[in-house]
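Asker: Starting off with a structure, shown below.
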Amino acid sequence: MKKRYGISLGVSPREPLSRTAELARRIDLRGFEALWYIDFQLGMKDVYAAMNLAALSTEKVLIGAGVTNLVTRHPTVTANATAALDELSNGRAVLGLGAGWSAVLGAGGTPSRLGELRSGIDEFRQLFSGEPCDLYGSQVRLAAAKRQVPIFLAVSQPAMLRLAGETCDGAVLMGAADPEFCSWQLDHIHQGLEAAGRDRRQLTVDLFVTMSVGDDVESATDDVRAWATSQAATFHQWKRMPPAWERFRPEFARAAEQYGLVDHLSLQAEHKHTVSDDFVRSVALVGDLDMCVDRLRQLWRLDIDRITFALLSGGREQRLAQLADTVIGAVEAGGGS
(Lines of atoms letter the chains of each structure in order from A and count residues from 1; the text may use other names and numbers.)
(Lines give C-alpha, C1' and ligand atoms only; values in the text may rest on other atoms or scores of the structure.)
Protein backbone atom coordinates (compact mmCIF):
# COMPACT_ATOMS: atom_id res chain seq x y z
CA MET A 1 0.00 0.00 0.00
CA LYS A 2 1.34 3.41 -0.96
CA LYS A 3 2.30 5.54 2.03
CA ARG A 4 0.54 8.85 2.57
CA TYR A 5 2.33 12.13 3.29
CA GLY A 6 1.44 15.71 4.13
CA ILE A 7 3.13 19.08 4.56
CA SER A 8 2.76 21.58 7.40
CA LEU A 9 3.99 25.17 7.16
CA GLY A 10 3.35 28.74 8.17
CA VAL A 11 3.68 31.87 6.07
CA SER A 12 6.52 33.91 7.54
CA PRO A 13 6.07 37.69 7.95
CA ARG A 14 9.06 38.06 5.60
CA GLU A 15 7.49 35.86 2.92
CA PRO A 16 5.21 37.45 0.27
CA LEU A 17 1.73 35.93 0.32
CA SER A 18 1.97 35.82 -3.46
CA ARG A 19 4.42 32.91 -3.10
CA THR A 20 1.88 30.84 -1.19
CA ALA A 21 -0.04 29.77 -4.27
CA GLU A 22 3.04 28.59 -6.18
CA LEU A 23 4.42 26.58 -3.26
CA ALA A 24 1.00 24.99 -2.66
CA ARG A 25 0.82 24.08 -6.34
CA ARG A 26 4.19 22.35 -6.15
CA ILE A 27 3.12 20.42 -3.06
CA ASP A 28 -0.07 19.32 -4.80
CA LEU A 29 1.73 18.26 -7.98
CA ARG A 30 4.19 16.17 -5.96
CA GLY A 31 1.32 14.09 -4.64
CA PHE A 32 1.16 15.13 -0.99
CA GLU A 33 -2.22 14.27 0.48
CA ALA A 34 -2.64 17.08 3.04
CA LEU A 35 -1.45 20.67 3.40
CA TRP A 36 -1.69 22.19 6.86
CA TYR A 37 -1.15 25.90 7.64
CA ILE A 38 -0.10 27.21 11.06
CA ASP A 39 -2.59 29.56 12.73
CA PHE A 40 -0.52 32.08 14.71
CA GLN A 41 -1.73 35.63 14.21
CA LEU A 42 1.32 37.35 15.75
CA GLY A 43 4.15 35.38 14.20
CA MET A 44 2.74 34.25 10.84
CA LYS A 45 0.69 35.82 8.06
CA ASP A 46 -3.04 35.16 8.13
CA VAL A 47 -3.88 31.47 7.94
CA TYR A 48 -7.13 31.90 6.02
CA ALA A 49 -5.57 34.14 3.38
CA ALA A 50 -2.90 31.48 2.89
CA MET A 51 -5.36 28.57 2.79
CA ASN A 52 -7.69 30.30 0.34
CA LEU A 53 -4.80 31.08 -2.00
CA ALA A 54 -3.72 27.45 -1.74
CA ALA A 55 -7.25 26.23 -2.45
CA LEU A 56 -7.46 28.23 -5.66
CA SER A 57 -4.11 26.97 -6.95
CA THR A 58 -4.43 23.23 -6.20
CA GLU A 59 -6.62 20.35 -7.32
CA LYS A 60 -6.23 17.35 -5.04
CA VAL A 61 -4.49 18.14 -1.73
CA LEU A 62 -6.56 18.49 1.45
CA ILE A 63 -6.17 21.91 3.09
CA GLY A 64 -6.67 22.89 6.72
CA ALA A 65 -5.50 24.96 9.66
CA GLY A 66 -2.88 22.99 11.54
CA VAL A 67 -4.23 23.96 13.99
CA THR A 68 -6.72 26.62 15.06
CA ASN A 69 -8.38 27.03 18.49
CA LEU A 70 -11.58 27.98 20.28
CA VAL A 71 -10.21 31.14 21.92
CA THR A 72 -8.89 33.61 19.35
CA ARG A 73 -11.81 32.96 16.99
CA HIS A 74 -15.40 32.12 17.88
CA PRO A 75 -16.51 28.69 16.57
CA THR A 76 -19.13 30.30 14.33
CA VAL A 77 -16.41 32.43 12.70
CA THR A 78 -14.12 29.42 12.24
CA ALA A 79 -16.95 27.28 10.87
CA ASN A 80 -17.95 29.93 8.35
CA ALA A 81 -14.34 30.51 7.22
CA THR A 82 -13.86 26.75 6.89
CA ALA A 83 -17.03 26.45 4.83
CA ALA A 84 -15.67 29.13 2.50
CA LEU A 85 -12.38 27.23 2.20
CA ASP A 86 -14.36 24.08 1.43
CA GLU A 87 -16.22 25.89 -1.38
CA LEU A 88 -13.03 27.34 -2.88
CA SER A 89 -11.30 23.95 -2.78
CA ASN A 90 -14.28 21.96 -4.10
CA GLY A 91 -14.70 19.95 -0.91
CA ARG A 92 -11.06 19.55 0.20
CA ALA A 93 -11.20 21.45 3.50
CA VAL A 94 -10.34 19.87 6.83
CA LEU A 95 -10.52 21.56 10.22
CA GLY A 96 -7.57 21.17 12.57
CA LEU A 97 -8.40 22.09 16.16
CA GLY A 98 -6.27 22.25 19.28
CA ALA A 99 -6.21 23.56 22.82
CA GLY A 100 -4.20 26.54 21.65
CA TRP A 101 -0.67 27.55 22.50
CA SER A 102 1.22 30.28 20.63
CA ALA A 103 -1.88 31.91 19.16
CA VAL A 104 -3.80 31.86 22.44
CA LEU A 105 -1.00 32.76 24.83
CA GLY A 106 0.17 35.52 22.50
CA ALA A 107 -3.30 37.10 22.75
CA GLY A 108 -3.33 36.83 26.56
CA GLY A 109 -5.75 33.92 26.56
CA THR A 110 -5.83 30.55 28.28
CA PRO A 111 -5.67 27.30 26.29
CA SER A 112 -8.91 25.33 26.22
CA ARG A 113 -9.50 22.55 28.70
CA LEU A 114 -10.56 19.06 27.74
CA GLY A 115 -14.27 19.65 28.41
CA GLU A 116 -14.23 22.86 26.38
CA LEU A 117 -12.70 21.04 23.43
CA ARG A 118 -15.24 18.23 23.68
CA SER A 119 -18.04 20.82 23.61
CA GLY A 120 -16.34 22.72 20.78
CA ILE A 121 -16.14 19.61 18.61
CA ASP A 122 -19.86 19.02 19.14
CA GLU A 123 -20.60 22.68 18.28
CA PHE A 124 -18.73 22.37 14.99
CA ARG A 125 -20.68 19.22 14.14
CA GLN A 126 -23.94 21.07 14.71
CA LEU A 127 -22.81 24.14 12.76
CA PHE A 128 -21.59 22.08 9.79
CA SER A 129 -24.99 20.35 9.65
CA GLY A 130 -26.50 23.57 8.32
CA GLU A 131 -29.54 22.97 10.50
CA PRO A 132 -30.86 25.26 13.25
CA CYS A 133 -29.23 24.41 16.59
CA ASP A 134 -29.42 25.72 20.12
CA LEU A 135 -26.00 27.18 20.89
CA TYR A 136 -24.61 30.17 22.78
CA GLY A 137 -27.95 30.92 24.41
CA SER A 138 -29.71 31.28 21.10
CA GLN A 139 -30.81 29.34 18.04
CA VAL A 140 -28.21 29.64 15.31
CA ARG A 141 -27.75 28.23 11.83
CA LEU A 142 -24.65 28.30 9.62
CA ALA A 143 -26.21 29.27 6.31
CA ALA A 144 -23.03 28.51 4.31
CA ALA A 145 -22.67 24.94 5.58
CA LYS A 146 -22.73 22.27 2.87
CA ARG A 147 -21.26 19.18 4.56
CA GLN A 148 -19.61 17.83 7.68
CA VAL A 149 -16.03 19.02 7.26
CA PRO A 150 -13.67 16.45 8.86
CA ILE A 151 -12.40 17.53 12.28
CA PHE A 152 -8.85 16.68 13.33
CA LEU A 153 -7.75 17.22 16.91
CA ALA A 154 -4.12 18.07 17.70
CA VAL A 155 -3.15 15.65 20.45
CA SER A 156 -0.14 14.69 22.50
CA GLN A 157 -1.18 13.95 26.10
CA PRO A 158 -3.30 10.97 27.29
CA ALA A 159 -6.68 12.63 27.82
CA MET A 160 -6.54 14.49 24.51
CA LEU A 161 -5.38 11.37 22.70
CA ARG A 162 -8.37 9.46 24.06
CA LEU A 163 -10.74 12.32 23.12
CA ALA A 164 -9.58 12.16 19.49
CA GLY A 165 -10.21 8.43 19.47
CA GLU A 166 -13.67 8.91 20.94
CA THR A 167 -15.01 11.75 18.82
CA CYS A 168 -12.90 12.98 15.88
CA ASP A 169 -12.37 12.19 12.23
CA GLY A 170 -8.64 12.53 12.65
CA ALA A 171 -5.79 12.99 15.10
CA VAL A 172 -2.90 15.35 14.47
CA LEU A 173 -0.33 13.42 16.48
CA MET A 174 2.12 15.89 18.00
CA GLY A 175 5.15 15.33 20.17
CA ALA A 176 8.08 13.41 18.78
CA ALA A 177 9.33 11.47 15.80
CA ASP A 178 10.34 8.70 18.16
CA PRO A 179 8.80 5.23 17.76
CA GLU A 180 8.64 4.51 21.51
CA PHE A 181 7.04 7.90 22.22
CA CYS A 182 4.50 7.50 19.39
CA SER A 183 3.62 3.97 20.43
CA TRP A 184 2.85 5.25 23.94
CA GLN A 185 0.57 7.91 22.43
CA LEU A 186 -1.17 5.50 20.07
CA ASP A 187 -2.13 3.25 22.99
CA HIS A 188 -4.24 6.11 24.38
CA ILE A 189 -5.88 6.77 21.00
CA HIS A 190 -6.80 3.08 20.83
CA GLN A 191 -8.31 3.34 24.32
CA GLY A 192 -10.52 6.20 23.13
CA LEU A 193 -11.67 4.27 20.08
CA GLU A 194 -12.51 1.25 22.21
CA ALA A 195 -14.35 3.30 24.82
CA ALA A 196 -16.56 4.84 22.14
CA GLY A 197 -17.06 1.57 20.28
CA ARG A 198 -15.56 3.04 17.13
CA ASP A 199 -13.80 1.23 14.33
CA ARG A 200 -10.15 2.16 13.76
CA ARG A 201 -11.01 2.99 10.15
CA GLN A 202 -13.13 5.93 11.35
CA LEU A 203 -10.01 7.83 12.42
CA THR A 204 -7.07 9.14 10.39
CA VAL A 205 -3.89 9.35 12.45
CA ASP A 206 -1.59 12.00 10.98
CA LEU A 207 1.85 12.08 12.62
CA PHE A 208 3.55 15.50 12.42
CA VAL A 209 7.35 15.34 12.30
CA THR A 210 10.25 17.64 11.53
CA MET A 211 13.34 16.50 9.68
CA SER A 212 16.69 17.83 8.54
CA VAL A 213 18.81 15.64 6.30
CA GLY A 214 22.52 16.30 5.96
CA ASP A 215 25.88 14.61 6.20
CA ASP A 216 26.90 17.23 8.79
CA VAL A 217 24.82 16.01 11.75
CA GLU A 218 25.67 19.08 13.84
CA SER A 219 24.31 21.46 11.18
CA ALA A 220 21.25 19.29 10.64
CA THR A 221 20.61 19.31 14.40
CA ASP A 222 20.85 23.10 14.56
CA ASP A 223 18.47 23.36 11.60
CA VAL A 224 15.58 21.86 13.60
CA ARG A 225 16.55 23.19 17.02
CA ALA A 226 13.95 26.00 17.04
CA TRP A 227 11.17 23.53 16.27
CA ALA A 228 12.45 21.15 18.94
CA THR A 229 12.50 24.00 21.45
CA SER A 230 8.85 24.78 20.74
CA GLN A 231 8.04 21.16 21.52
CA ALA A 232 10.08 21.27 24.73
CA ALA A 233 8.22 24.37 25.90
CA THR A 234 4.87 22.62 25.51
CA PHE A 235 6.12 19.49 27.28
CA HIS A 236 6.82 21.45 30.48
CA GLN A 237 3.25 21.04 31.78
CA TRP A 238 2.98 17.33 31.04
CA LYS A 239 2.16 15.21 34.05
CA ARG A 240 2.83 11.93 32.26
CA MET A 241 5.21 10.93 29.51
CA PRO A 242 7.19 7.83 28.52
CA PRO A 243 9.73 6.98 31.25
CA ALA A 244 12.67 7.38 28.85
CA TRP A 245 11.78 11.05 28.40
CA GLU A 246 11.78 12.01 32.08
CA ARG A 247 15.48 12.89 31.79
CA PHE A 248 14.56 15.90 29.66
CA ARG A 249 12.30 17.61 32.21
CA PRO A 250 14.90 20.28 33.21
CA GLU A 251 15.18 21.23 29.54
CA PHE A 252 11.40 21.52 29.25
CA ALA A 253 11.35 23.94 32.19
CA ARG A 254 14.10 26.10 30.66
CA ALA A 255 12.38 26.14 27.28
CA ALA A 256 9.04 27.18 28.80
CA GLU A 257 10.71 30.01 30.73
CA GLN A 258 12.75 31.40 27.85
CA TYR A 259 10.52 30.75 24.83
CA GLY A 260 9.68 33.88 22.81
CA LEU A 261 6.28 33.49 21.18
CA VAL A 262 6.85 36.10 18.47
CA ASP A 263 9.86 34.08 17.27
CA HIS A 264 7.81 30.88 17.20
CA LEU A 265 9.67 28.39 14.95
CA SER A 266 12.04 31.11 13.68
CA LEU A 267 15.45 29.76 12.73
CA GLN A 268 16.97 32.92 14.23
CA ALA A 269 15.25 32.61 17.63
CA GLU A 270 17.55 32.98 20.62
CA HIS A 271 15.47 30.56 22.70
CA LYS A 272 16.50 27.63 20.52
CA HIS A 273 19.74 27.27 22.48
CA THR A 274 17.90 26.10 25.61
CA VAL A 275 17.65 22.43 24.57
CA SER A 276 20.36 19.80 24.19
CA ASP A 277 21.47 18.00 21.06
CA ASP A 278 20.26 14.79 22.68
CA PHE A 279 16.72 16.12 22.97
CA VAL A 280 16.69 17.60 19.46
CA ARG A 281 17.79 14.29 17.95
CA SER A 282 15.18 12.44 19.98
CA VAL A 283 12.22 14.64 19.03
CA ALA A 284 13.11 15.24 15.36
CA LEU A 285 14.53 13.24 12.47
CA VAL A 286 18.12 14.41 12.13
CA GLY A 287 21.16 13.06 10.31
CA ASP A 288 22.25 11.72 6.97
CA LEU A 289 19.85 10.17 4.48
CA ASP A 290 20.23 6.61 5.75
CA MET A 291 19.59 7.66 9.36
CA CYS A 292 16.42 9.60 8.50
CA VAL A 293 15.07 6.93 6.18
CA ASP A 294 15.61 4.25 8.82
CA ARG A 295 13.70 6.31 11.42
CA LEU A 296 10.85 6.90 8.98
CA ARG A 297 10.59 3.20 8.27
CA GLN A 298 10.41 2.53 12.01
CA LEU A 299 7.58 5.06 12.32
CA TRP A 300 5.69 3.48 9.43
CA ARG A 301 5.60 0.21 11.35
CA LEU A 302 3.29 1.93 13.86
CA ASP A 303 -0.49 2.25 13.50
CA ILE A 304 -0.46 5.59 11.66
CA ASP A 305 -2.13 6.61 8.40
CA ARG A 306 -0.12 9.62 7.27
CA ILE A 307 3.17 11.35 8.07
CA THR A 308 3.16 15.13 7.72
CA PHE A 309 6.46 16.97 7.50
CA ALA A 310 6.85 20.47 8.93
CA LEU A 311 8.45 22.34 6.05
CA LEU A 312 10.93 24.66 7.73
CA SER A 313 11.65 28.15 6.45
CA GLY A 314 14.75 28.92 4.43
CA GLY A 315 14.96 27.36 0.98
CA ARG A 316 11.55 25.72 1.10
CA GLU A 317 11.52 24.73 -2.56
CA GLN A 318 14.84 22.93 -2.08
CA ARG A 319 13.63 21.28 1.11
CA LEU A 320 10.46 20.15 -0.64
CA ALA A 321 12.39 18.71 -3.57
CA GLN A 322 14.78 16.84 -1.26
CA LEU A 323 11.90 15.46 0.74
CA ALA A 324 9.80 14.34 -2.23
CA ASP A 325 12.52 13.16 -4.58
CA THR A 326 15.16 11.79 -2.26
CA VAL A 327 13.80 10.96 1.19
CA ILE A 328 10.34 9.64 0.34
CA GLY A 329 11.75 7.90 -2.70
CA ALA A 330 14.27 6.08 -0.50
CA VAL A 331 11.58 5.11 2.02
CA GLU A 332 9.30 3.78 -0.71
CA ALA A 333 12.17 1.88 -2.34
CA GLY A 334 12.55 -0.12 0.88
CA GLY A 335 9.09 -1.66 0.41
CA GLY A 336 6.95 -3.04 3.20
CA SER A 337 5.89 -0.92 6.14
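Sequential numbering of the sequence shown, starting at 4, is according to the working numbering.
No residue lacks a Cβ here, since even glycine has one placed at the ideal position from N, Cα and C.
So, is P16 buried or exposed, given that buried needs 16 or more other C-beta atoms within 10 angstroms?
Answerer: exposed
Asker: Could I get the ranges of all uninterrupted beta strand (DSSP E) runs contained in the stretch 156 to 197, with 3 residues as the minimum, in chain order?
Answerer: 173 to 176
Asker: Using a Cβ-Cβ cut-off of 6 Å (strictly less than) and excluding sequence neighbours within five positions of E335, which residues of its own chain qualify?
Answerer: none
Asker: For L326, which residues of its own chain have a beta-carbon under 7 Å away from its beta-carbon, when the five flanking residues on both sides are left out?
Answerer: Within the same chain, L326 has close Cβ partners F312.
Asker: Given that a residue counts as buried once 16 or more other Cβ atoms are within 10 Å of its Cβ, and exposed if not, what is S215?
Answerer: buried
Asker: Hey, would you say F131 sits closer than 8 Å to L145, going by beta carbons?
Answerer: yes
Asker: G99 and G112 - do their beta-carbons sit closer together than 8 Å?
Answerer: no
Asker: Compare the beta carbon distance of I41 and G13 with 8 Å and say whether it is the shorter of the two.
Answerer: yes
Asker: Suppose the cutoff is 7 Å on Cβ atoms and the five residues either side in sequence are ignored; what does the same chain contact list for L91 look like?
Answerer: N55, A58 and L59
Asker: Quick check on this structure: which residue in A53, K6 and I331 has the alpha carbon closest to the alpha carbon of L20?
Answerer: A53
Asker: Tell me A96's beta-bridge partners as DSSP assigns them.
Answerer: I66
Asker: Are the beta-carbon atoms of L117 and L166 separated by less than 8 Å?
Answerer: yes
Asker: Go through its chain and collect everything with a Cβ distance to F255's Cβ below 8 Å, but skip five positions before and after it.
Answerer: A235, A236, F238, H239 and W241
Asker: Buried or exposed: where does E126 fall if 16 or more other Cβ atoms within 10 Å of its Cβ makes it buried?
Answerer: buried
Asker: Output the distance between the C-alpha atoms of G337 and G123, rounded to the nearest integer angstrom.
Answerer: 42 Å
Asker: What are the start and end residues of the alpha helix (DSSP H) that includes F127?
Answerer: L117 to F131
Asker: Using the three-state DSSP reduction, which class does R150 fall into: helix, strand or coil?
Answerer: The answer is coil: DSSP assigns R150 none of H, G, I, E or B.
Asker: Which value, in whole angstroms, describes the spacing of the CA atoms of K149 and V143?
Answerer: 15 Å
Asker: Using a Cβ-Cβ cut-off of 7 Å (strictly less than) and excluding sequence neighbours within five positions of A231, which residues of its own chain qualify?
Answerer: Answer for A231: V278, F282, V283, V286 and A287, listed in chain order.
Asker: Whole angstroms are fine: how far does the CA of T75 sit from the CA of A324?
Answerer: 35 Å
Asker: Does the Cβ of K48 have 16 or more other Cβ atoms within 10 Å, making it buried, or fewer, making it exposed?
Answerer: buried
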